[in-house]
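Going by this note's numbering, the sequence shown runs without a break in its numbering and finishes at 366.
Using N, Cα and C, we set each Cβ at its ideal position, and we do this for glycine too.
None of the values given here were measured: they were computed from a predicted structure.
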Amino acid sequence: MKRGSIAGRVPGALILALAALASPVRANDSAATLDAGGLVLVRDDAIELASEDLRIAIDRIDVDYVFRNRSKAPRTLRLAFPLPPIDGAELSFSALSLPVRGSANFVGFTVKADGKAVEPALEERAFHGTQEITERLKRHGLPFNPLRREELEAALKRLSPADLKALHKADLLSDETADAGAQWRSEAKFHWEQTFPADAELRIAHSYAPIAGNWFLSPKEAAARDFRARYCLDDAGLAGVRRLAAAKPEGYTRAFEVPYIVTTARNWAGRIGRFTLTVDKARADALVSFCRQGVRKTGPTTFVWEARDYVPDSDLRVLIVSNDPALLGDR
Numbered sequence: 036m037k038r039g040s041i042a043g044r045v046p047g048a049l050i051l052a053l054a055a056l057a058s059p060v061r062a063n064d065s066a067a068t069l070d071a072g073g074l075v076l077v078r079d080d081a082i083e084l085a086s087e088d089l090r091i092a093i094d095r096i097d098v099d100y101v102f103r104n105r106s107k108a109p110r111t112l113r114l115a116f117p118l119p120p121i122d123g124a125e126l127s128f129s130a131l132s133l134p135v136r137g138s139a140n141f142v143g144f145t146v147k148a149d150g151k152a153v154e155p156a157l158e159e160r161a162f163h164g165t166q167e168i169t170e171r172l173k174r175h176g177l178p179f180n181p182l183r184r185e186e187l188e189a190a191l192k193r194l195s196p197a198d199l200k201a202l203h204k205a206d207l208l209s210d211e212t213a214d215a216g217a218q219w220r221s222e223a224k225f226h227w228e229q230t231f232p233a234d235a236e237l238r239i240a241h242s243y244a245p246i247a248g249n250w251f252l253s254p255k256e257a258a259a260r261d262f263r264a265r266y267c268l269d270d271a272g273l274a275g276v277r278r279l280a281a282a283k284p285e286g287y288t289r290a291f292e293v294p295y296i297v298t299t300a301r302n303w304a305g306r307i308g309r310f311t312l313t314v315d316k317a318r319a320d321a322l323v324s325f326c327r328q329g330v331r332k333t334g335p336t337t338f339v340w341e342a343r344d345y346v347p348d349s350d351l352r353v354l355i356v357s358n359d360p361a362l363l364g365d366r
């Protein structure tokens with residue numbers, strides 16, 4: 036599929052930007068993003084994805100699916116929603132804020148099947164490199180998620196100096212004190228068994244809060260080739276960035292990025308019959324840019340892209356540029 040920017044074809048387009056883990060730190064208050072997406076399962080050729088309606092905003096991602104069981108018998112499969120992995124060795128604690136603090140469900144994930152709430156199980160594991168350290172952390176009463184700082188600090192204060200030294204020697208802590216940072220990676224997923232009725236459709240809807248990155252964006256950075264390619268930012272979009280930056284005495288504006296993994300849909304049989312993407316930039320005076328061609332403006336802040344018989348070929352990174360730092364709310 037060809038890619039293009041909507042910034043140049045939609046007046047006053049919003050630049051919605053979410054920074055990836057590998058993105059460089061841009062300022063003291065810059066924040067990383069963590070990629071998440073849709074549901075995954077073991078591939079089953081009887082289950083097809085008839086439609087997917089995806090709505091992306093800075094504060095919430097909502098996905099509505101219609102699945103169709105093409106077989107003459109019910110099919111029971113295990114569905115999963117992987118949470119973004121969190122690596123304490125790579126992320127800055129001060130730069131990353133979880134949408135739901137103090138909870139294993141740190142993105143506030145919810146799911147319904149045919150309108151009825153589902154209560155999925157949660158599997159949490161911890162790794163250092165390729166080595167699983169789940170049981171070791173359990174023995175010491177340490178949280179799997181490195182960003183649960185209050186819980187981590189309380190647990191480390193209960194450990195003996197010898198235990199702290201041993202954990203530091205194993206490269207699991209940044210130092211030998213109770214103020215050390217976790218150097219491990221947490222991986223978690225929600226999962227549940229779902230029965231797909233014979234020769235019928237099943238509607239599944241899920242929602243979660245994305246971990247959106249935000250940083251100070253200068254016109255020079257926006258003009259860089261890699262930056263423009265990442266978000267398919269065209270000349271009109273770049274002019275919009277310059278206009279927003281010029282309105283601020285410091286000479287820069289604010290960028291936000293929201294990522295979404297679309298390619299997990301390849302787990303389903305065949306193509307997605309109908310795929311609809313809606314991006315909401317939140318403010319009419321913001322800019323938006325992302326790599327899809329043929330986007331329509333449907334409202335003051337909303338843009339829609341549609342496809343038929345769709346095979347996802349690339350994941351989404353939506354860039355939003357605005358002078359309003361409050362787009363992320365209280366996070």
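Along the region 171–247, the beta strand (DSSP E) occurs as fully enclosed runs of 3 or more residues at 220–231, 236–243, listed in sequence order. Where Y266 is concerned, the enclosing alpha helix (DSSP H) starts and stops at 260–266. The Cβ-Cβ distance between K255 and N358 does not fall below 8 Å. If you draw a 10 Å sphere on the C-beta of A361, you find fewer than 16 other C-beta atoms in it, and that means exposed.
Taking the Cα positions, G308 is about 28 Å away from V142. Distance check between T313 and each of Y295, R263, S221 places Y295 closest, using alpha-carbon atoms only. For L112, the enclosing beta strand (DSSP E) stretches over residues 110–117.
E125 carries a coil assignment under DSSP once its states are collapsed to helix, strand and coil.
DSSP, read as helix, strand or coil, puts R289 in strand.
Residues A92, T336, T337 of the same chain have their beta carbon placed closer than 6 Å to that of D315, with the five preceding and five following residues left out of the count. Between the beta-carbon of L237 and that of F102 there is about 5 Å, and that keeps the pair under the 8 Å contact cut. Two segments are said to touch when three or more pairs of C-beta atoms, one from each, lie closer than 8 Å; by this definition the region 245–259 touches the region 274–294.
Here T333 carries a coil assignment [DSSP, helix/strand/coil]. Looking at the DSSP output, K255 shares a beta bridge with no other residue.
In the three-state reduction of the DSSP assignment, D269 falls in the coil class.
Residues A233, D234 of the same chain have their beta carbon placed closer than 8 Å to that of K107, with the five preceding and five following residues left out of the count.
Relative to A152, the option among S242, V346, R110 whose CA is nearest is S242. Assigned with DSSP and collapsed to three states, P294 falls in strand. Following the DSSP letters along the chain, one finds K316 in no beta strand (DSSP E), marked with neither H nor E. Within its own chain, the residues whose Cβ lies closer than 8 Å to the Cβ of L199, once the five positions on either side in sequence are excluded, are L191, L208, E211, T212, A213, A215, listed in chain order. If you ignore the 5 residues before and after G329, its C-beta comes within less than 7 Å of the C-beta of W340, all in its own chain and listed in chain order. Per DSSP, L74 lies in no beta strand (DSSP E) segment and is marked neither H nor E.
Under the DSSP assignment, K283 falls outside any beta strand (DSSP E); it carries neither an H nor an E label. In the structure shown, the three-state DSSP call for V276 is helix. Nearest Cα to A201 within the set R260, E83, A264, L172: L172.
Judged by DSSP in its simplified three-state form, T169 adopts helix.
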